[in-house]
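As they're listed, the protein sequences go chains B and C. Numbering-wise, the working numbering puts 976 at position 179 of the first sequence, and it's gapless, one number per residue. Numbering-wise, the working numbering puts 244 at position 162 of the second sequence, and it's gapless, one number per residue. Just so it is clear, CB atoms sit at the ideal spot from N, CA and C, and this is done for glycine as well. Computed from a prediction, not measured in an experiment: that's the story for all the values here. This report concerns only the one structure given below.
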Amino acid sequence: MTLRNSNERWGPVSQALHWLIVILVLVMAYLGLTMVDLPTTPHKIFVYMLHKSVGITILVLVVLRLAWRLYAGTPGTLPGIPTWQSRIASLMHAALYVLLFALPISGWVVNSSTGFPLRWFNMLNLPAIAAKSESLHGIATKVHETLFWTLIVLALGHAAAAIYHHLFQRDETLARMLPRNWLRVPSTSGNHPHV
Amino acid sequence: MSRSALFAVALLVAPAPVYAVDYTQASGSSLAFAGSYQGETFTGRFPGFVTHLVFDPAQLGASKLDVTIPLASATTANADYDEQMRGDAFFDAARFAQARYTATQFRALGGNRYAADGTLSLHGVTKPVTLTFTWTSGAQPVLEGKATVNRLDFGIGGGDWADTSLIPNAIAVSAKVVFQPAK
């Protein structure tokens, strides 16, 4: 079994990075949406530290994921998918990648503009990437929130499309982002080999 | 011997009377503090502190220091930090408006270096704190000193905030006080 991506399937490295980032984005959404209203105690600082640390982790994982994608290639378009659909899918993927970069970076700017430390999992202090500024803080916070809700909407669209392809188009779109045999593609025609 | 002769002898034998000079704080003085939060250093100032000093290097026994430090104006130049620091988890400046440091015990450490073994009253707690300083004499003498205040000794940031991995116990205090003789 190769670690790289074949023309038919995503390999285990790309799959692991994809689903790990899905989980981390969900964790981030929960932390980000609940932490703001916590009373100011060391617990709040801890939750913020987790949010910032996971965000930086996602940024690193996305860099790795894109590097791996460049190295390991991408599966080809599934047979039977119209060009307009695969174009929209590619645009969607590009937008999701951009957001996965922009969200952590905007969060980093939010943190830097307040002058708060950024201690990755309480282990490593990272530098500020912007000057301490109240006006910048206001703008960066708005940008961060807007990017977040955009990511949620696009990710839901992306997931809905994958599920639609699986349930109604009955193709490999979703199954090939999962380990072999985790998802049986329900076939309508009897001559499909993997039923 | 006549009375006047006795007086003359007394004048010769007795040590020359040296009076420790009474000083007040002049402009150019500053009182600063530094600590660390989440692994990053923060610094702050106590604007409006007032120092009164009676000091003479030759008469340390007659010397005394009295510093009053308002807490509601203490600032780190970070509004979020300041709000928290002045609030009830830390200085509680609404209840304890000022801190006070007084010292009457002075030691010479050699050269122009001295130590004051004084007491700090902060946040309703009074404990000994030693201030080491250099004394630069002149028309406007300058005291430059350092002290370490263990915040937890004074209940500054107790409870959940006592976590020293978040904010270490030791807070460094540094003072530069320019003096002028009191009028």
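Limits of the unbroken alpha helix (DSSP H) element including G954 of chain B: Position 157 of the first sequence holds residue 954 of chain B. It spans 931 to 961 - the alpha helix (DSSP H) in which G954 of chain B sits, taken as one unbroken run.
Inspect the CB distances between the region 139 to 146 of chain C and the region 185 to 203 of chain C and report whether three or more fall short of 8 angstroms. yes
Cβ distance (whole Å) where A252 of chain C is taken to contact K228 of chain C below 8 angstroms: As a working mapping, residue 252 of chain C is identified with position 170 in the second sequence. As a working mapping, residue 228 of chain C is identified with position 146 in the second sequence. Incorrect: roughly 12 angstroms between the Cβ atoms, too far for contact.
Best match in C:L202, C:G143, C:L153 for proximity to P210 of chain C [C-alpha to C-alpha]: In the second sequence, residue 210 of chain C corresponds to position 128, counting from 1. It is C:L202 whose Cα lies nearest to the Cα of P210 of chain C.
Tell whether a beta-carbon distance below 8 angstroms holds between Y894 of chain B and L861 of chain B. As a first step, residue 894 of chain B is located in the first sequence; it is residue number 97 there, counting from the start. As a first step, residue 861 of chain B is located in the first sequence; it is residue number 64 there, counting from the start. Their beta carbons are not under 8 angstroms apart, which means Y894 of chain B does not touch L861 of chain B by this criterion.
For chain C, is any of its Cβ atoms less than 8 angstroms away from the one on P836 of chain B? Position 39 of the first sequence holds residue 836 of chain B. With 8 angstroms as the cut-off, P836 of chain B does not count as an interface residue toward chain C.
Threshold first: 4 residues or longer. Then list the alpha helix (DSSP H) segments lying entirely within the region 190 to 223 of chain C, N to C. none
According to DSSP, is W979 of chain B helix, strand or coil? Numbered from its first residue, the first sequence carries residue 979 of chain B at position 182. Note: W979 of chain B maps to coil in three-state DSSP.
Which class does W917 of chain B belong to by DSSP, given the choice of helix, strand or coil? Taking the first sequence and counting its residues from 1, one reaches residue 917 of chain B at position 120. Note: W917 of chain B maps to strand in three-state DSSP.
Does the CB of N251 of chain C have a neighbour CB from chain B at under 8 angstroms? Locating residue 251 of chain C in the second sequence gives position 169, counting from the first residue. Cβ-Cβ to chain B under 8 angstroms: no for N251 of chain C.
Output needed for T874 of chain B: all residues of its chain with C-beta closer than 7 angstroms, excluding positions within five of it in sequence on either side, in chain order. Here residue 874 of chain B is taken as the residue at index 77 of the first sequence, counted from 1. Excluding positions up to five away in sequence, the list reads S883.
Going by C-alpha to C-alpha distance, which of B:K939, B:L896, B:P924, B:W917 sits closest to Y845 of chain B? One-based indexing of the first sequence puts residue 845 of chain B at position 48. Out of B:K939, B:L896, B:P924, B:W917, B:W917 has the C-alpha closest to the C-alpha of Y845 of chain B.
May I ask you to report which of helix, strand or coil DSSP gives K265 of chain C? On the second sequence, residue 265 of chain C is found 183 positions in, with the first residue counted as 1. Three-state DSSP puts K265 of chain C in coil, outside helix and strand.
Between the region 968 to 984 of chain B and the region 920 to 940 of chain B, can you find at least three pairs of beta-carbon atoms closer than 8 angstroms? no
For T871 of chain B, which three-state DSSP category applies? By 1-based counting over the first sequence, the position of residue 871 of chain B is 74. Coil at T871 of chain B, not helix or strand.
First and last residue of the uninterrupted alpha helix (DSSP H) at F898 of chain B: The residue given as residue 898 of chain B occupies position 101 in the first sequence. Segment 880 to 911, the alpha helix (DSSP H) holding F898 of chain B.
By Cβ distance below 7 angstroms, which residues in the same chain neighbour G130 of chain C in space, the five residues on each side in sequence not counted? Translated into the one-based positions of the second sequence, residue 130 of chain C becomes position 48. Cβ within range, chain order: P152, S155.
Got a sec: is the Cβ-Cβ distance from N908 of chain B to anything in chain C below 8 angstroms? Indexing the first sequence from 1 puts residue 908 of chain B at position 111. No, N908 of chain B lies away from the interface with chain C (no Cβ there is under 8 angstroms from its Cβ).
Minimum Cβ-Cβ distance from N232 of chain C to chain B less than 8 angstroms: Here residue 232 of chain C refers to the residue found at position 150 of the second sequence. Output row for N232 of chain C: interface = no.
So which of B:P924, B:G870, B:V819 has the shortest CA-CA distance to T799 of chain B? As a first step, residue 799 of chain B must be located in the first sequence, where it is residue number 2. Nearest C-alpha to T799 of chain B: B:G870.
What do you reckon, are the CB atoms on A257 of chain C and Y105 of chain C nearer than 8 angstroms? Reading the second sequence from its first residue, position 175 is the one you call residue 257 of chain C. Reading the second sequence from its first residue, position 23 is the one you call residue 105 of chain C. No, these two residues do not count as a Cβ contact at 8 angstroms.
In the DSSP assignment, the alpha helix (DSSP H) including Q107 of chain C goes from what residue to what residue? On the second sequence, position 25 is the one that residue 107 of chain C refers to. From DSSP, Q107 of chain C is part of no alpha helix (DSSP H) but of the beta strand (DSSP E) over 103 to 107.
List, in order along the chain, the chain C residues whose C-beta lies closer than 8 angstroms to that of N922 of chain B? The residue given as residue 922 of chain B occupies position 125 in the first sequence. Within chain C, the residues near N922 of chain B are Q120, G121, E122.
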